[in-house]
Amino acid sequence: MLQVCTGDITRLAVDAIVNAANNSLLGGGGVDGAIHRAAGPRLLELTRTLGGCPTGEARITPGFDLPARWIIHTVGPVWHGGDQGEAALLRSAYESCLALAVEHQLRSIAFPAISTGVYGYPFAEAARIAVQAGAAYLSDMDIIIYCCFREPDATIYQQLIREITDEMDR
Ligand code: AR6
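Adding 823 to a residue's 1-based position in the sequence shown gives its number in the working numbering.
Spelled out as structure tokens, the structure:
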């Protein structure tokens, strides 16, 4: 099932929440900063040992002090206008997270809108990629949540989910 919620992703008690991180995996602003604050200092202690993460890939750590059991850290692309392979990299970021979740036999996952903050990816285009990637993994997961920070963002996801699930039913 694909679901949308509005609010702070760090509050969600799912098997894994996804972090929109940077290549260092050492924390930052936005959702990354919120996740590091809520998970506690053991997260940074561990991510220091991981050697970073290339754009489009993902790494998994425990959730530490979060209600979520795991954190899947991924790095989305910085938006440079759309002709620098951004769409393929964003798709790869979502798919890498979902593949890791399946590998660890997780059944519920929550995504923030990767790359749509500091990295500047146009929201609706990014959301379409997010929902397409999630739809391809529906049979492997009980629930895939798209956690938005703002209500208008959630509306965009709702419309896309309707559109893409209608297409699948046809
Ligand atoms: N819960 C859910 N969504 C959130 C939260 C939250 N607590 N906080 C922000 N958002 P961004 P990026 C939304 O900038 O664009 C960091 O410094 C926000 O409204 O967090 O991938 C990293 O270290 C937006 O829609 O991530 C990297 O350097 C979305 O999360 C860089 O930012 C993503 O915004 C990554 O940039």
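Cβ coordinates follow ideal geometry from the N, Cα and C atoms, glycine included.
Cut-off 7 Å between Cβ atoms - residues of its own chain near residue i, not counting five sequence neighbours on either side
i, result
"LEU923", "ALA881, ILE883 and ILE895"
"GLY850", "GLY856, HIS859 and LEU867"
Chain B within 8 Å of residue i, Cβ atoms only
i, result
"ILE979", "Among the chains in the structure shown there is no chain B, since it carries only a single protein chain."
Close beta carbons around residue i, own chain, < 8 Å, minus the five adjacent residues each side
i, result
"LEU889", "THR833, ILE840, ILE858, ALA861 and ALA862"
Residue i and residue j closer than 8 Å at C-beta
i, j, result
"ILE968", "ALA933", "yes"
"LEU873", "LEU848", "yes"
"SER938", "GLY879", "no"
"ILE910", "LEU835", "Reading off the sequence, residue 910 comes out as Ala, not Ile. Result no, Cβ atoms of ALA910 and LEU835 do not sit closer than 8 Å."
"THR829", "GLU986", "no"
"TRP893", "GLY899", "no"
"TYR980", "VAL827", "yes"
Among the options, the one whose alpha carbon lies nearest that of residue i
i, options, result
"VAL901", "ILE984, ASP963, ALA949 and ILE979", "ALA949"
"ASP838", "GLY853, ALA947 and ILE966", "ILE966"
Contact set for residue i: own chain, Cβ-Cβ below 6 Å, skip 5 residues either direction
i, result
"ALA958", "ILE987"
Discussion item. Run the Cβ filter for me: residues under 6 Å from any heavy atom of the ligand AR6, listed in the order they occur in the chain.
Written reply: ASP831, ILE832, THR833, ALA843, ALA844, ASN845, GLY851, GLY852, GLY853, VAL854, ASP855, ALA857, GLY899, PRO935, ALA936, ILE937, SER938, THR939, GLY940, VAL941, TYR942, CYS970 and PHE972
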